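Reviewing the structure listed below.
Numbering (this note's numbering), first residue to last: 62 to 488.
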């Protein structure tokens, strides 16, 4: 078991002024590394006021991440924040990909007027610490003086039923951009439990989920509602054939959104079913004319137009949308591929098809079209039981995932406004 703890010193102000997006990114990098390198014990985050003198007194915070993991060799500490440096070759095989996050974290901390360092604990484990310029904000200038979001405004609220963490996060920020609150359920069973406690203006329902899929969950919702109520349910699915749409409608769903879900399509669909809050008009996304020449084959592992759309959503919400989606995919992508290899070795075609479907959804959301196509191929082959063709496709997927991760690393640096070093994946 792994224990996560947070310790905030009493002297830390409730409200401070700093860059929340960069601060969150650094904390996520350090905490995720702590969890990744710690098999058992604890990961602890401590927050305190950094001692200072003169005008800087009390204007900096110190964040410290302690873990009880494998620690860092002393001779490696001075090179730790160089791009793609890791503890040793064994650690690199066990825990690939930490170097970029540490280098980026140091750059972000320096841009926030602080420092970042690390040390090894004598009893084992490691400590990463950083400081940031974060002066206290007077109570009269804090968000406490503003009305709560949606207070007295009849805020619309949507339940997003989706098991894919990349798609969960994107849907939440898209709804926020439209002025709509969102709650999340990871599968149909969770959705039924939540709907038993409160009602929603609309449900966005993924159709392929573990435990209870969207079709059966919708049927149960309709059974419980009877004739007295009818909550609009909109299907979200990567299956775009007319027969798939009809299956959603036959299950009791009211409408249909094709994945990956674009903000403009989401807005138009919601407007058909609920009264939308007054918001700034969405910018019109250019669409190619019907007579336009067919697009040239995608050369980059990640479609730059998709990343541009995510950056525009980030600018409109003030949230680190792209950075968060990339962080999730950096953890999820390799994990899904490991599941694919394990399922192939075990001859478990059902698990292989499910993992391929999940990775296809995440990759498609981030514009990794070739990766998504390979996943679709794996899903189709597994469904047909053609296991002899799977190893070659899976080998291509391994190489494509490496290229996608490199492209997303670059995009992550770009989103942070930092010039990256050359990317070199861990051996």
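We put the CB at the ideal spot given by N, CA and C, even for glycine.
Predicted, not measured: the structure shown is a model, and the values here were computed from it.
DSSP places residue 261 outside both helix and strand once states are collapsed to three, so it counts as coil. Counted as a single uninterrupted DSSP element, the beta strand (DSSP E) harbouring residue 63 occupies residues 63–69. Partner residues in a beta bridge of residue 363, as assigned by DSSP, do not exist. Less than 8 Å separates the beta-carbon of residue 282 from that of residue 256.
Separation of the CB atoms of residue 123 and residue 192 is rounded to 5 Å, and the pair is thereby assigned contact status at 8 Å. One thing to note: residue 469 has its Cβ no nearer than 8 Å to the Cβ of residue 389. Residue nearest to residue 379 within the set 64, 67, 72, 83 is 83 (criterion: CA-CA distance). Between the alpha carbons of residue 120 and residue 85 lies a gap of roughly 18 Å. For residue 324, the enclosing alpha helix (DSSP H) covers residues 324–332. In this structure, the beta-carbon distance from residue 264 to residue 292 falls below 8 Å.
Within 10 angstroms of the beta-carbon of residue 111 lie 16 or more other beta-carbons, which makes it buried. In the DSSP assignment, residue 191 is bridged to 124, 177. The stretch 97–108 and the stretch 125–139 touch, with three or more beta-carbon pairs separated by less than 8 Å. Here residue 384 carries a helix assignment [DSSP, helix/strand/coil]. Under the Cβ criterion (8 Å, minimum of three pairs), the stretch 132–141 does not count as touching the stretch 219–236. Taking the CA atoms as reference points, residue 450 sits about 20 Å from residue 419.
The stretch 365–379 and the stretch 403–413 do not touch, with fewer than three beta-carbon pairs separated by less than 8 Å.
At the C-beta level, residue 382 and residue 371 come within 8 Å of one another. For residue 424, no beta strand (DSSP E) segment is defined; the enclosing uninterrupted segment is the alpha helix (DSSP H) at 410–426.
In this structure, the beta-carbon distance from residue 77 to residue 108 does not fall below 8 Å.
Beyond the five residues adjoining it in sequence on each side, residue 66 comes within less than 8 Å, by CB distance, of 103, 104, 105, 106 in the same chain, given in chain order. Shown here, residue 242 sits in a strand according to DSSP, grouped into three states. With a 10 Å radius around the Cβ and a threshold of 16 neighbouring Cβ atoms, residue 439 comes out buried. The bridge partners DSSP lists for residue 317 are 296. Contact between residue 435 and residue 399 does not hold, since their C-beta atoms are separated by about 16 Å, which reaches or exceeds 8 Å.
Under the DSSP assignment, residue 107 falls in the beta strand (DSSP E) whose first and last residues are 102–110. In this structure, residue 177 keeps its C-beta atom at 8 Å or more from the C-beta atom of residue 235. The alpha-carbon of residue 308 is positioned some 22 Å away from that of residue 251.
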